[in-house]
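Per our numbering, the very first residue in the sequence shown carries number 471; after that it's consecutive.
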Amino acid sequence: MGRERNKSILTVLLPLLLALLMPSTARAQGDSLLLRYQVRGSVRDAKSGHRLQYVSVSIPGKRYSTVTNSDGEFVLKTNEPPKEVLVSHVGYNSRRAVVTTDGKPLTIRLEPNTIQLKEVLVMAEDPMLILTTALDKVKDNYITTPEMYRCFYRETAQKRSKYIYIAEAVTDLYKTAYTHRDIGDRVSVVKDRRLLSPKSSDTLSVKVLGGPTFAVSLDLVKNREFLLNSMELELYSMKMGSPTVIDDRMQYVIELEPGVSIDRPLYYGKIYVDRETLAFTRIELSLDVSNRDLATQFMLFKKPLGLRFKPREQTLLVNYKYEDGVTRLSYVRSTFRFACDWKRRLFNTNFTAVSEVVVTDRDESPSQTIKRKEAYSKSSSLYDTASYTLDEDFWSGYNIIEPTESLEKAVRRLYKEDKKR
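Okay, structure coming up:
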């Protein structure tokens, strides 16, 4: 595994690009068919009362879906008054909740799933055999004809606890059959915006290369260069973890940790495989940052001269959803935490960069594709290409990931500062 292999994996993982803040020019964008009705709510653990993040929320019988934010809250919009929502999460029993006619937010409580002892005792299978069999069955478990997905993408950067950068986009994602691997998957931007702290003191920001192409690069079941191939899997030690449920379906849980020492960092993580279909349903990964130099080479694409970069964390979550006999990509989230300082300075500054995308709607028989010239480039960043706007109704009529309370406060502060000018 040489440097060339290391660089090829960098392009898969959407590396960070640290640079000085630069202005961007605005550009006009049009709206598509907007969604008029909505249901709002939060999801909690029925026993502890804790809010649950990244929970799947959908409309039964429809194609609309979203996930809860880090505060456990969601808003889901439709083209007709919703009657109920379907809520599902790893380790919990799925639940249908009736939408009230008074418009008040729902509070949905999920019961943790209890797995019987007899089901635990049969988990002595070979984890590598399960993974290789699941790879062989990808052609049977995932889409075999092209589909078009409507997605919402957001990336944020924080300096300590303060947001210094927010960019968002509604996109179309054209997915080809999984037997074609990455061939033909393209993303086009329907509408986007960028929010940025106007303070001159925020001289360091974070760019994520590829931005809206996030869901193409990190669909790990289709793009297997990163992890799900025989060469990569041989680098890991594996064991069977405690089984769990997702969407009321029993899951194998395979735990990974680095098994060898090579010239790049590996991951700790869990891979969830549906026991009945042997489809991959969830992948959780956390980069081994114990070797700071290797982790820096892996995470960082470019930095200003004189800046010292200290990696803290890089995690990845990829969710797939089973419906009508087919498993599809539903949600991807990547988190980078790192510290930076300049030479001759005493104190570090901590940064957090988060990118996430959720599939909010889909067309299983699209009438057209995304042409190459319309596709968003994997070498571009939303930081550079999105227009800067503070329109409070910018996402009216679109399904998005509901902003967290801290993100809403940051945006409200920008609104107030903008009105004073």
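Cβ atoms here follow ideal geometry from the backbone N, Cα and C, with glycine treated the same way.
Legend entry - Nonlocal neighbours in the same chain, by C-beta distance under 6 Å from residue 630, ignoring five residues either side: 820
Legend entry - Residue nearest to residue 605 in terms of C-alpha spacing, selected from 852, 553, 550, 703: 703
Inset, instruction - Using the Cα positions of residue 796 and residue 746, report the straight-line distance between them to the nearest angstrom. - result: 12 Å
Inset, instruction - Indicate the three-state DSSP secondary structure (helix, strand or coil) for residue 883 in the structure shown. - result: Three-state DSSP puts residue 883 in a helix.
Inset, instruction - Quick one: give me the first and last residue of the beta strand (DSSP E) that residue 781 is part of. - result: For residue 781, the uninterrupted beta strand (DSSP E) run begins and ends at 777 to 793, by DSSP.
Legend entry - Option nearest residue 775 by Cα separation, candidates 717, 810, 794: 810
Legend entry - Anticipated Cβ contact below 8 Å, residue 648 with residue 691, distance rounded: 7 Å
Legend entry - Boundaries (first-last residue) of the alpha helix (DSSP H) holding residue 767: 762 to 769
Legend entry - Distance, residue 628 Cα to residue 733 Cα: 30 Å
Inset, instruction - Please go through the same chain and pick out, in chain order, the residues whose beta-carbon is closer than 6 Å to the beta-carbon of residue 856, but skip the five residues on each side of it. - result: 637, 662, 663, 664
Inset, instruction - Report the three-state DSSP secondary structure of residue 702 (helix, strand or coil). - result: helix
Legend entry - Rounded straight-line distance, which links the Cα of residue 619 to that of residue 642: 6 Å
Legend entry - Proximity below 8 Å, CB of residue 514 to CB of residue 584: no
Legend entry - Boundaries of the beta strand (DSSP E) in which residue 873 is found, first to last residue: Premise fails: residue 873 is in no beta strand (DSSP E) and is neither H nor E.
Inset, instruction - Flag this pair as yes or no: are the beta carbons of residue 532 and residue 505 separated by less than 8 Å? - result: no
Inset, instruction - Might you give, ordered along the chain, the residues of its own chain that have their beta carbon closer than 8 Å to the beta carbon of residue 568, omitting 5 neighbours on each side? - result: Around residue 568: 553, 554.
Inset, instruction - Pull up the DSSP beta-bridge partners for residue 708, would you. - result: 726
Inset, instruction - Determine the burial state of residue 803: buried for a count of at least 16 other Cβ atoms within 10 Å of its Cβ, exposed for fewer. - result: buried
Inset, instruction - Flag residue 766 as yes when its Cβ comes closer than 7 Å to any non-hydrogen atom of the ligand NAD, and as no otherwise. - result: Although the ligand NAD was asked about, the structure shown includes no ligands whatsoever.
Inset, instruction - With DSSP as the reference, please indicate the residues paired to residue 823 in a beta bridge. - result: 627, 806
Inset, instruction - Compute the distance between the beta-carbons of residue 764 and residue 739, then report whether it is under 8 Å. - result: no
Inset, instruction - Evaluate contact between the stretch 872 to 888 and the stretch 709 to 729, counting only Cβ atoms and requiring at least three cross-stretch pairs below 8 Å. - result: Flag = no, the stretch 872 to 888 and the stretch 709 to 729 do not touch.
Legend entry - Residues that residue 750 bridges to, as DSSP identifies them: 743
Inset, instruction - Could you name the residues of the same chain whose beta carbon sits closer than 8 Å to that of residue 752, not counting the 5 residues immediately before and after it, in chain order? - result: The answer, listed in chain order, is 560, 716, 721, 740, 741, 742, 787, 788, 789, 790.
Inset, instruction - Decide if residue 957 is buried, meaning its Cβ has at least 16 other Cβ atoms within 10 Å, or exposed. - result: Not covered by the structure: residue 957. The range shown for the chain is 471 to 891.
Inset, instruction - Please name the residue or residues paired with residue 511 in a DSSP beta bridge. - result: Note: residue 511 sits in a beta bridge opposite 544, 576.
Inset, instruction - Pick helix, strand or coil for residue 633, following the three-state DSSP scheme. - result: Under the three-state reduction of DSSP, residue 633 is assigned to strand.
Legend entry - Beta-carbon gap between residue 870 and residue 658 smaller than 8 Å: no
Inset, instruction - Just mark residue 621 as buried or exposed, buried being the case when its beta carbon has 16 or more other beta carbons within 10 Å. - result: Its Cβ being crowded by 16 or more others within 10 Å, residue 621 is buried.
Inset, instruction - Given a cut-off of 8 Å, decide if residue 644 and residue 827 are closer than it, judged by their beta-carbon atoms. - result: no
Legend entry - Cβ neighbours of residue 832 in the same chain (closer than 8 Å, five flanking residues each side left out): 533, 617, 618, 619, 620, 798
Inset, instruction - Spatial neighbours of residue 725 within its chain, please: CB distance less than 6 Å, with the 5 preceding and 5 following residues excluded, ordered by chain position. - result: 709, 711, 740
Inset, instruction - Using 10 angstroms around the beta-carbon of residue 727, count the other beta-carbons present and answer buried if the total reaches 16, otherwise exposed. - result: exposed
Inset, instruction - Using three-state DSSP, classify residue 852 as helix, strand or coil. - result: Helix, per DSSP.
Legend entry - Where residue 716 sits in the DSSP three-state scheme: strand
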